[in-house]
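K.L.:
Chains as they are written, first to last, in my numbering: chain P, 1 to 258; chain C, 1001 to 1322.
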Amino acid sequence: MVRSALDQVALELNSIKKSFGGVHALQDVTFTINKGEVVGLLGDNGAGKSTLVKCISGVYAPDSGEIRVNGKAVYISSPEDARAAGIETVFQDLAMIPEFNIVQNLFLNREIKHKNPILRWLGWLDTKAMTKRARKSLNRLNTRIPCYNEQIHNLSGGQRQAIAIARAVNWGADIVIMDEPTAALGVEQSAQVNDLIKVISSQGVAVLLISHNMQHVVETCDRAVVLYQGRSVADVAVADVTKEDLVGLITGAKKIAA
Amino acid sequence: MNAQMLSLNQLKQIALHREAFIYYIFFFVLFFFAIVLHDTAFLTLSNFMNIVKQTAPLTIMAVGLTFALAVGHIDLSIGSVVALSALVGALLLQHTGIPLAVLGALLVGVTVGLINGLLIERLQVSSLLITLGTMGIITGIARQITNLESVPIINQDFTFFFGSGKVLGLPILLLWTLIIGGCAYIILKKLAAGRHLLAVGGNPVAARAMGIKVTRIRLYALIASSTAAALAGLLYAGRLHGARYTLGEADLLTVIAAVAIGGTSLFGGRACIVGAILGTWLMGIINNGLILSGFSTNEQMIARGVILVIAVAIGVKEIRNG
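1) Which residues bound the beta strand (DSSP E) around residue 231 of chain P?
2) Pick from C/1108, C/1032 and C/1156: whose alpha carbon is nearest that of residue 1135 of chain C?
3) Three or more C-beta pairs closer than 8 Å, one from the stretch 73-81 of chain P and one from the stretch 44-62 of chain P: is that the case here?
4) I believe residue 1285 of chain C touches residue 1037 of chain C by the beta-carbon criterion, under 8 Å. Please report the beta-carbon distance rounded to the nearest angstrom.
5) Between residue 1270 of chain C and chain P, is the shortest Cβ-Cβ distance under 8 Å, so that the two count as touching?
6) Nearest chain P C-beta to residue 1196 of chain C closer than 8 Å, yes or no?
7) Three or more C-beta pairs under 8 Å: does that hold for the stretch 1049-1063 of chain C against the stretch 1210-1218 of chain C?
8) Name, please, each residue of chain C whose Cβ falls closer than 9 Å to the Cβ of residue 13 of chain P.
9) CA-CA distance, residue 237 of chain P and residue 1116 of chain C?
10) Closer than 7 Å by beta-carbon distance: list the chain P residues that pair up with residue 1263 of chain C, in chain order.
11) Are there 16 or more other CB atoms within 10 angstroms of the CB of residue 203 of chain P, so buried, or fewer, so exposed?
12) Quick check: what's the CA-CA separation for residue 84 of chain P versus residue 35 of chain P?
13) Between the C-alpha atoms of residue 1097 of chain C and residue 1044 of chain C, what's the straight-line distance to the nearest angstrom?
14) Around the C-beta of residue 1231 of chain C, are 16 or more other C-beta atoms found within 10 angstroms, so that it is buried, or is it exposed?
15) Looking at the C-beta of residue 104 of chain P, does it have a partner C-beta in chain C at a distance below 8 Å?
16) Identify each residue in the stretch 121-151 of chain P for which the Cβ-Cβ distance to at least one residue of chain C is less than 8 Å, and report them in chain order.
17) Answer yes if the stretch 129-136 of chain P comes into contact with the stretch 1187-1198 of chain C, meaning at least three C-beta pairs across the two stretches below 8 Å, and no otherwise.
18) Determine contact between the stretch 61-73 of chain P and the stretch 136-154 of chain P, defined as no fewer than three beta-carbon pairs at a distance below 8 Å.
19) My guess is that residue 1202 of chain C and residue 181 of chain P are in contact by the Cβ rule of under 8 Å, so how many angstroms apart are they, rounded?
20) Closest Cβ-Cβ distance between residue 1202 of chain C and chain P: below 8 Å?
21) So with Cβ pairs under 8 Å, would you call residue 9 of chain P a contact of chain C?
22) Reducing DSSP to helix, strand and coil, say where residue 96 of chain P ends up.
23) Enumerate in chain order the residues of its own chain whose CB-to-CB distance from residue 1185 of chain C is below 6 Å, with the five nearest sequence positions on each side excluded.
24) Since residue 1250 of chain C and residue 1264 of chain C are thought to touch, with beta carbons under 8 Å apart, how far apart are those beta carbons, to the nearest angstrom?
25) Kindly indicate if chain P contains any beta-carbon less than 8 Å away from that of residue 1212 of chain C.
26) With a cut-off of 8 Å on the beta carbons, I'd call residue 1053 of chain C and residue 1171 of chain C a contact; round off their distance for me.
27) Thinking C-alpha only, which one of P/87, P/48, P/67 and P/136 is nearest residue 178 of chain P?
28) Curious, which full-length beta strand (DSSP E) runs of at least 3 residues does the stretch 60-121 of chain P contain?
29) Give me the chain P residues within the contact set of residue 1190 of chain C, using Cβ-Cβ distance strictly less than 7 Å, ordered along the chain.
30) Counting C-beta neighbours from all protein chains within 10 Å, is the total for residue 55 of chain P 16 or more, i.e. buried, or is it exposed?
31) Around the C-beta of residue 1220 of chain C, are 16 or more other C-beta atoms found within 10 angstroms, so that it is buried, or is it exposed?
32) So, are the CB atoms of residue 96 of chain P and residue 164 of chain P less than 8 Å apart?
33) In whole angstroms, give me the CA-to-CA distance for residue 1257 of chain C and residue 1112 of chain C.
34) Quick check: the stretch 165-177 of chain P against the stretch 116-125 of chain P, are there 3 or more CB pairs under 8 Å?
35) Using a C-beta to C-beta distance shorter than 8 Å, which residues of chain P count as neighbours of residue 1070 of chain C?
36) In angstroms, rounded to a whole number, what distance separates the CA positions of residue 107 of chain P and residue 1195 of chain C?
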């Protein structure tokens, strides 16, 4: 199996289970992601992809199973827990405040406060420092933004996705989960997001990419984990398989020992 | 490298910005009345001070309502809170001192805001319906507690602080407007709290995903709105030397129109305090101008309605344009 250069496990999932009433959404999901690796999470509708993402990002608490981050077992029961563990999620619906500008969105709920202790206590914002840091972190991701005062709704979908990814990485996330990051984007913008994914993984960030687009998976992922009826049924290096193999695994037509 | 370009860009942005609209219309109306009414007392400092004093409770209500609108709620109960808080304040003044009376009146506001907020969040019903209901309840209570009779206030200190007083040559009602407006401006523009308020109004799903406590912030916004209305009630009571159940009755339309024309979105996410204050002053100037031109109360009411419709039309058009 092909492993990335950094052979350290960033995220480890051990037999994660989650039921809703009588529905066993996740029955047994086990896989790992290494640092600097991009892992595609595949599966048909209802295979448990979104439930799993919600378990990792703290929206749901799993019924049983273990999540380990950098070797340490973590208990995640809220989005804050996930964030504290170094897991950031980039949501499909481009979770931005349309009326806010780039800097305001990047620092939402993590604003840099004024240095003066009294003003700081009041929650006074240090806009200059935030603009400076925003420029730095977007430059680091090779994202060119014309004007930092631009409101989000004036940006293209690709630029917005770039900001959302920058926001995740900006907060020192070791693990970034992306739920269909290119679903709403055109060809060129998808390519930009793919480049961005490569940039952040080259900086050591582990990426879990949920996608329906096989082309996208083949282009960007190192490995693919396939969910089928709530179980992880395959864990393959993308270089070793064809798109048809992946489709076969997703539909259950083909089987490989996980 | 592009400092000049940036400033040019910014200038253009400011000139075309929705929030700048209030400045244009404010000075246009001022100019219009100044010409039409050139042979009256319209363009005198004392007339403008009168307008500021008369609209002081309205500006405070408008500032409060801006908070509710910022998170995407509307608060229709503010007019009724004005009456109840003024009555509670006036009744308490007959038995206790100013601090307790003021506290009691403001507590009316806090309580109403809390009830509004909890009902909206628990029942997941639109704020429009909940506050319409509480408006009816509070109006009923205000009429009930004094049997429709007015309550006079003879406490000179109270009427000084909340009505006729002057500090450093400025009417105290202007100071109230500036202090409350200034605090609200700082909260919304400079503090993290204001950023979160607007985030909740702009995209509650995103705000929640980023870890903002959406429910709590909406609750705070509604408490701010009705507490401001309670303060407005005290300012009415101070200026008029008494309280009556009719106070604030006709203010709701004026305040909503003023806030909307001032650039605050009626659908959440965008708030402008300076616009809200200028908006209420604009409404005051229009009223004043119409009175000096010899128009009746009925015609003033029509003018207020027209302004609200225009403000809303502009707001909706802007949303459609993206």
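We put the CB at the ideal spot given by N, CA and C, even for glycine.
P.N.:
This is what the structure gives:
1) For this step, residue 231 of chain P is matched to residue 231 along the first sequence. Residues 231-237.
2) For the purposes of this step, residue 1135 of chain C is identified with residue 135 of the second sequence, where counting begins at 1. Considering only alpha carbons, the answer is C/1108.
3) yes
4) Within the second sequence, residue 1285 of chain C is the residue found at index 285, counting from 1. Within the second sequence, residue 1037 of chain C is the residue found at index 37, counting from 1. With 8 Å as the limit, residue 1285 of chain C and residue 1037 of chain C do not qualify as a contact, their Cβ atoms being about 11 Å apart.
5) In the second sequence, the residue the question calls residue 1270 of chain C occupies position 270. For residue 1270 of chain C, the answer is yes, since a Cβ of chain P falls inside 8 Å of its Cβ.
6) As a working mapping, residue 1196 of chain C is identified with position 196 in the second sequence. Yes, because at least one Cβ of chain P sits closer than 8 Å to the Cβ of residue 1196 of chain C.
7) no
8) By 1-based counting over the first sequence, the position of residue 13 of chain P is 13. Simply none; closest approach about 22 Å.
9) Here the question's residue 237 of chain P lines up with position 237 in the first sequence. Here the question's residue 1116 of chain C lines up with position 116 in the second sequence. The straight-line gap from Cα to Cα measures roughly 56 Å.
10) As a first step, residue 1263 of chain C is located in the second sequence; it is residue number 263 there, counting from the start. None at all; the shortest Cβ gap to chain P is about 12 Å.
11) Reading the first sequence from its first residue, position 203 is the one you call residue 203 of chain P. Classification for residue 203 of chain P: exposed.
12) For this step, residue 84 of chain P is matched to residue 84 along the first sequence. For this step, residue 35 of chain P is matched to residue 35 along the first sequence. Distance between the alpha carbons of residue 84 of chain P and residue 35 of chain P is about 18 Å.
13) Within the second sequence, the letter at position 97 stands for residue 1097 of chain C. Within the second sequence, the letter at position 44 stands for residue 1044 of chain C. Roughly 38 Å separates the two Cα atoms.
14) By 1-based counting over the second sequence, the position of residue 1231 of chain C is 231. Flag for residue 1231 of chain C reads buried.
15) Reading the first sequence from its first residue, position 104 is the one you call residue 104 of chain P. Closer than 8 Å to some Cβ of chain C, the Cβ of residue 104 of chain P qualifies, so yes.
16) 122, 123, 124, 125, 147 and 149
17) no
18) no
19) The count along the second sequence starts at 1 and reaches residue 1202 of chain C at position 202. The count along the first sequence starts at 1 and reaches residue 181 of chain P at position 181. 22 Å between Cβ atoms; not a contact.
20) Numbered from its first residue, the second sequence carries residue 1202 of chain C at position 202. With 8 Å as the cut-off, residue 1202 of chain C counts as an interface residue toward chain P.
21) Within the first sequence, numbered from 1, the residue matching residue 9 of chain P stands at position 9. Not closer than 8 Å to any Cβ of chain C, the Cβ of residue 9 of chain P fails to qualify, so no.
22) As a first step, residue 96 of chain P must be located in the first sequence, where it is residue number 96. Residue 96 of chain P falls in the coil class under three-state DSSP.
23) Residue 1185 of chain C sits at position 185 when you count from the first residue of the second sequence. So the list reads 1273, once near-sequence residues are dropped.
24) Position 250 of the second sequence, counted from the start, is the residue given in the question as residue 1250 of chain C. Position 264 of the second sequence, counted from the start, is the residue given in the question as residue 1264 of chain C. Rounded, the Cβ-Cβ distance is 21 Å, inconsistent with contact.
25) Looking up residue 1212 of chain C in the second sequence gives position 212. So yes, residue 1212 of chain C belongs to the interface.
26) One-based indexing of the second sequence puts residue 1053 of chain C at position 53. One-based indexing of the second sequence puts residue 1171 of chain C at position 171. Indeed they touch by this definition, with Cβ atoms about 6 Å apart.
27) For the purposes of this step, residue 178 of chain P is taken as residue 178 along the first sequence, with counting starting at 1. Closest option to residue 178 of chain P, Cα to Cα, is P/87.
28) 64-69, 72-74 and 87-90
29) As a working note, residue 1190 of chain C is residue 190 in the second sequence. Result: 124 and 125.
30) Position 55 of the first sequence, counting from 1, holds the residue named residue 55 of chain P. By the 10 Å Cβ count, residue 55 of chain P comes out buried.
31) Looking up residue 1220 of chain C in the second sequence gives position 220. Per the 10 Å Cβ criterion, buried.
32) Taking the first sequence and counting its residues from 1, the one referred to as residue 96 of chain P is at position 96. Taking the first sequence and counting its residues from 1, the one referred to as residue 164 of chain P is at position 164. Yes, these two residues count as a Cβ contact at 8 Å.
33) The sequence position of residue 1257 of chain C within the second sequence is 257, counting from 1. The sequence position of residue 1112 of chain C within the second sequence is 112, counting from 1. In a straight line, the C-alpha of residue 1257 of chain C is about 22 Å away from that of residue 1112 of chain C.
34) no
35) Reading the second sequence from its first residue, position 70 is the one you call residue 1070 of chain C. Ordered by position in chain P, no residue passes the 8 Å Cβ test against residue 1070 of chain C, which lies about 10 Å from the chain.
36) Locating residue 107 of chain P in the first sequence gives position 107, counting from the first residue. Locating residue 1195 of chain C in the second sequence gives position 195, counting from the first residue. The alpha-carbon atoms of residue 107 of chain P and residue 1195 of chain C are separated by roughly 10 Å.
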